[in-house]
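Protein chains in written order, with full-length UniProt numbering: chain A, 1 to 500; chain B, 1 to 147.
Don't be surprised by glycine CBs; every beta carbon is placed ideally from N, CA and C.
First up is the structure itself, then whatever we jot down about it.
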Amino acid sequence: MDILSNLALGFSVAADPWNLLYCLIGVTLGTFIGVLPGVGPVVTIAMLLPLTFGLPSEGALIMLAGIYYGAAYGGSTTAILVNLPGESSSVVTCIDGYQMARKGRAGAALALCAIGSFVAGCFGTALIVVAGPPLTKIALEFGPVEYFSLMLMALVFTSALVHGSMAKGVLMALFGILVGLAGVDINTGVRRFTFGSSGLVEGIEFAVAAMGLFAIAEIVKNLETVEKREVFTGRISGLMPNRDEMRQAVKPIMRGTLVGSFFGVLPGAGQTIATFAAYMLEKRIAKDPSRFGQGAVEGVAAPEAANNASAQTSFIPTLTLGIPGSATMALVLGALMIQGIVPGPQVITSHPSLFWGLIASMWIGNLLLVVLNLPLVGVWTSMLRIPYRVLFPGILVLCCIGVFSLKFNEVDIWLVALFGLAGYIFVKLDCEPAPFILGFVLGPMIEENFRRAMLMSRGDPSVFFTSPISLGFLVFMFLIMLVLTIPSLRSQKERAILEA
Amino acid sequence: MHISKDLASGVLFTLLGLGGLIISTSYRMGTLAQMGPGMFPAMLNVAIAAGGAFVAVRSLMASDASAPIERFHFRPLIAVLAAIVSFGLAIRPLGLIPAIFLLVGISRLANSDGGWLETVVMSLILAAVCVGIFIYGLGLNIELGPI
Numbered sequence: 001m002d003i004l005s006n007l008a009l010g011f012s013v014a015a016d017p018w019n020l021l022y023c024l025i026g027v028t029l030g031t032f033i034g035v036l037p038g039v040g041p042v043v044t045i046a047m048l049l050p051l052t053f054g055l056p057s058e059g060a061l062i063m064l065a066g067i068y069y070g071a072a073y074g075g076s077t078t079a080i081l082v083n084l085p086g087e088s089s090s091v092v093t094c095i096d097g098y099q100m101a102r103k104g105r106a107g108a109a110l111a112l113c114a115i116g117s118f119v120a121g122c123f124g125t126a127l128i129v130v131a132g133p134p135l136t137k138i139a140l141e142f143g144p145v146e147y148f149s150l151m152l153m154a155l156v157f158t159s160a161l162v163h164g165s166m167a168k169g170v171l172m173a174l175f176g177i178l179v180g181l182a183g184v185d186i187n188t189g190v191r192r193f194t195f196g197s198s199g200l201v202e203g204i205e206f207a208v209a210a211m212g213l214f215a216i217a218e219i220v221k222n223l224e225t226v227e228k229r230e231v232f233t234g235r236i237s238g239l240m241p242n243r244d245e246m247r248q249a250v251k252p253i254m255r256g257t258l259v260g261s262f263f264g265v266l267p268g269a270g271q272t273i274a275t276f277a278a279y280m281l282e283k284r285i286a287k288d289p290s291r292f293g294q295g296a297v298e299g300v301a302a303p304e305a306a307n308n309a310s311a312q313t314s315f316i317p318t319l320t321l322g323i324p325g326s327a328t329m330a331l332v333l334g335a336l337m338i339q340g341i342v343p344g345p346q347v348i349t350s351h352p353s354l355f356w357g358l359i360a361s362m363w364i365g366n367l368l369l370v371v372l373n374l375p376l377v378g379v380w381t382s383m384l385r386i387p388y389r390v391l392f393p394g395i396l397v398l399c400c401i402g403v404f405s406l407k408f409n410e411v412d413i414w415l416v417a418l419f420g421l422a423g424y425i426f427v428k429l430d431c432e433p434a435p436f437i438l439g440f441v442l443g444p445m446i447e448e449n450f451r452r453a454m455l456m457s458r459g460d461p462s463v464f465f466t467s468p469i470s471l472g473f474l475v476f477m478f479l480i481m482l483v484l485t486i487p488s489l490r491s492q493k494e495r496a497i498l499e500a
Numbered sequence: 001m002h003i004s005k006d007l008a009s010g011v012l013f014t015l016l017g018l019g020g021l022i023i024s025t026s027y028r029m030g031t032l033a034q035m036g037p038g039m040f041p042a043m044l045n046v047a048i049a050a051g052g053a054f055v056a057v058r059s060l061m062a063s064d065a066s067a068p069i070e071r072f073h074f075r076p077l078i079a080v081l082a083a084i085v086s087f088g089l090a091i092r093p094l095g096l097i098p099a100i101f102l103l104v105g106i107s108r109l110a111n112s113d114g115g116w117l118e119t120v121v122m123s124l125i126l127a128a129v130c131v132g133i134f135i136y137g138l139g140l141n142i143e144l145g146p147i
């Protein structure tokens, strides 16, 4: 009964006309940026964070979440029609989706994407409803020792699974923690790493770091290359898949949903890996694997379902434990903090309307995507004609005004430029920004929990190994590190990511 | 001999860690049980410096494992950063609209596509949109032009 009353609360929040509007804006904006290559969901969320200040917390979160899964959907639209993945998570969809389009089944492929995403979205939502409350119960038992180990594990996972070497990923995460510590130390009142600047006393704003590292660095990188785009001009006829295609797609959608949910819950794995895993699985169990790459229905349905399932379920660790699994989720967590909500297991009980409203809005948002986007496919593809040279100054303007509106302090604008420069250098050195931003968000919490754990154990570090839960996290972490340093597995991971 | 990405990032992190360590030691350390503000950052910086040294040494041992550093494209980098900084310089004394014009105009120097007419039209549109959203929509207290 609890579940039903919770859901009822959620839907009453999500069905509020204003929240419906925020949801609609979110998914529409998400689809828009998903369609545009070179403008990812991370950049958009970073850019819009300051705009959500004025919104109520439910509305802000609902809109940001809409951008997130809307982008996943928009990315697959261009993957199918133009063979151009709008997001890295829709790279796999290109393989068979574009082939389907060339055979005149573009409409069917798009519809399958939508249906697969919707089914996966429903399952993901249900999973959060079922798994969320018990998980938070467990998490509420965690003390500082367990929390420290859990956060360490999440950081190592993210560092291990990004493109490039694990050592550099871990270094980025550590550096992120360090930068996150800048400002007044809450325990002693000492100003740390402020370099005498009064603008740094309250610490570096999360939106500032995210905007510089992701938006500005990405803009500079995109401007390096001359753009060229070709747009699919063929007409799309027959939006509905035929009976045969539907029958073929049912099981792959279910398998893809399960694969995606697994990777979504795992911190650090993310959507791209989930889609690759789902595609590999379908290819392996197919009776005739040679059809893959020639427009196989399974090759579109399964990864798309996995994509959306992992997008939804990645909210589980973020909202129940306060541990984000990806850069996008770190941004969502940042938005929570901006709203004055301390992330962690207490969110469900202290802000039930926020949690359940968000969950319900995801379901509604998925429905909106299906209803709105199929008829609008033509509009989305025409968006591809917007040249980047027109796009990027607009992004810059929004970033700068947004940052200035945080505190009306020019220091924040200089910091955006500085983080942009750092981000570009990191790009050139193959150092991924995702672990950095995760470390940045978790930094103060990691230090706080470490200090408290040490205080309680009177300075005995062995406490991390004597608590069974903490030991479990650490053992799991070392296993992952070990597995990923075995050369053959490592090269497989690299291949999966490099194809992206 | 070329400088690989791994070598450069290893050296960079070693320097960052050492620099951070010097700053951290100026704060009180305390004991493990009663940590002062300097303890955790100091441990962190030791880890960063050690990790950076590890990455650098590893890249020297197997020099073909990491690709050489790609060319830095200074034109888009400088144009974009200069545009942001000029926005920051202009926003208070000159107001929002001149700041947007500066930002758009300078950032468009990042590449040679598109003429000046396009830049002017874009600046006008963006200025109108931003005034609409931020000043009238969200009620931000920013001056539009020089007072």
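Exercise. Which full runs of the beta strand (DSSP E) of 3+ residues lie inside the UniProt domain "DUF1468" (9-141) of chain B, going along the chain?
Worked result: Counting whole runs of 3 or more residues, the UniProt domain "DUF1468" (9-141) of chain B contains no beta strand (DSSP E) stretch at all.
Problem set entry | Rounded straight-line distance, which links the Cα of C94/A to that of G264/A | 21 Å
Exercise. Per DSSP, what kind of secondary structure is R389/A in: helix, strand or coil?
Worked result: helix
Exercise. Which residues in the same chain as S24/A place their Cβ atom closer than 7 Å to its Cβ, once the five residues preceding and following it in sequence are excluded?
Worked result: According to the sequence displayed, residue 24/A carries Leu and not Ser. So the qualifying residues of the chain are L368.
Exercise. Quick one: Cα of G105/B to Cα of L223/A, how far?
Worked result: 15 Å
For this session: Could you check what DSSP says for S290/A in three-state terms: helix, strand or coil?
Result: helix
Problem set entry | Ordered list of alpha helix (DSSP H) runs contained in the segment 366-444 of chain A, each at least 4 residues | 377-383, 388-407, 410-428
Exercise. Would E432/A count as contacting chain B if we go by Cβ distances under 7 Å?
Worked result: no
Problem set entry | Same chain, Cβ closer than 6 Å to F53/A, five either side skipped, listed in chain order | none
For this session: Have a look at the DSSP bridge pairing and note the partners of S4/B.
Result: P68/B
Exercise. Does T78/A have its Cβ less than 7 Å from a Cβ in chain B?
Worked result: no
For this session: Using a threshold of 7 Å, state whether the C-beta atoms of I177/A and G439/A are closer than that.
Result: yes
Exercise. Under 7 Å Cβ-Cβ, which residues of chain B neighbour C400/A?
Worked result: Against chain B, the beta carbon of C400/A has neighbours under 7 Å at I84, F87, L103, listed in chain order.
Problem set entry | Unbroken alpha helix (DSSP H) run spanning K137/A, endpoints | 106-140
Exercise. What do you get for K168/A, buried or exposed, if any count of 16 or more other CB atoms within 10 angstroms of its CB means buried?
Worked result: buried
For this session: Anything in chain A within Cβ reach of E70/B, meaning under 8 Å, just list it in chain order.
Result: K428
Exercise. Looking at the C-beta of G51/B, does it have a partner C-beta in chain A at a distance below 7 Å?
Worked result: yes
Exercise. Hey, L331/A and I45/A: beta-carbon distance below 7 Å or not?
Worked result: Cβ distance < 7 Å, so L331/A and I45/A count as in contact.
Exercise. Should L482/A go down as buried or exposed, given a rule of 16 or more other Cβ atoms within 10 Å for buried?
Worked result: exposed
Exercise. What is the DSSP secondary structure of G183/A, reduced to helix, strand or coil?
Worked result: Strand.
For this session: Check whether the Cβ atoms of L61/A and L398/A lie closer than 7 Å to each other.
Result: no
For this session: Answer yes or no: does any C-beta atom of chain A fall closer than 7 Å to that of V55/B?
Result: yes
Exercise. Quick one: what does DSSP say L21/A is sitting in, helix, strand or coil?
Worked result: helix
Problem set entry | Anticipated Cβ contact below 8 Å, F465/A with L471/A, distance rounded | Correct: roughly 5 Å between the Cβ atoms.
For this session: In angstroms with no decimal places, state the Cα-to-Cα distance between K103/A and G70/A.
Result: Roughly 26 Å separates the two Cα atoms.
Exercise. Does V80/B come within less than 7 Å of chain A when only Cβ atoms are used?
Worked result: It does; some Cβ of chain A falls within 7 Å.
Exercise. Which whole-angstrom value is the C-beta distance of G26/A and G116/A, which I expect to be below 8 Å?
Worked result: Wrong, their Cβ atoms sit about 21 Å apart, outside the cutoff.
For this session: Name the residue from N308/A, V347/A, V42/A, K283/A whose alpha carbon lies nearest to the alpha carbon of L140/A.
Result: V347/A
Exercise. Quick one: is V300/A near chain B, going by C-beta distance under 7 Å?
Worked result: Taking CB atoms only, V300/A has no neighbour in chain B less than 7 Å away.
Exercise. Nearest to I186/A by CA position, among P37/B, V46/B, G139/B, G88/B, is which residue?
Worked result: P37/B
For this session: Pick helix, strand or coil for R191/A, following the three-state DSSP scheme.
Result: strand
For this session: Establish whether the CB of L18/B and some CB of chain A are separated by less than 7 Å.
Result: For L18/B, the answer is no, since every Cβ of chain A falls outside 7 Å of its Cβ.
For this session: Could you check what DSSP says for T225/A in three-state terms: helix, strand or coil?
Result: coil
Exercise. So A210/A is in the alpha helix (DSSP H); what residue range does that whole segment cover?
Worked result: 206-210
Problem set entry | Under 8 Å from the C-beta of P37/B: neighbouring residues of chain A | Those are D185, N187, T188, V190, R192, listed as they occur along chain A.
For this session: Give the residues of chain A in contact with H73/B, contact being defined as C-beta atoms less than 7 Å apart.
Result: Correct list: E224.
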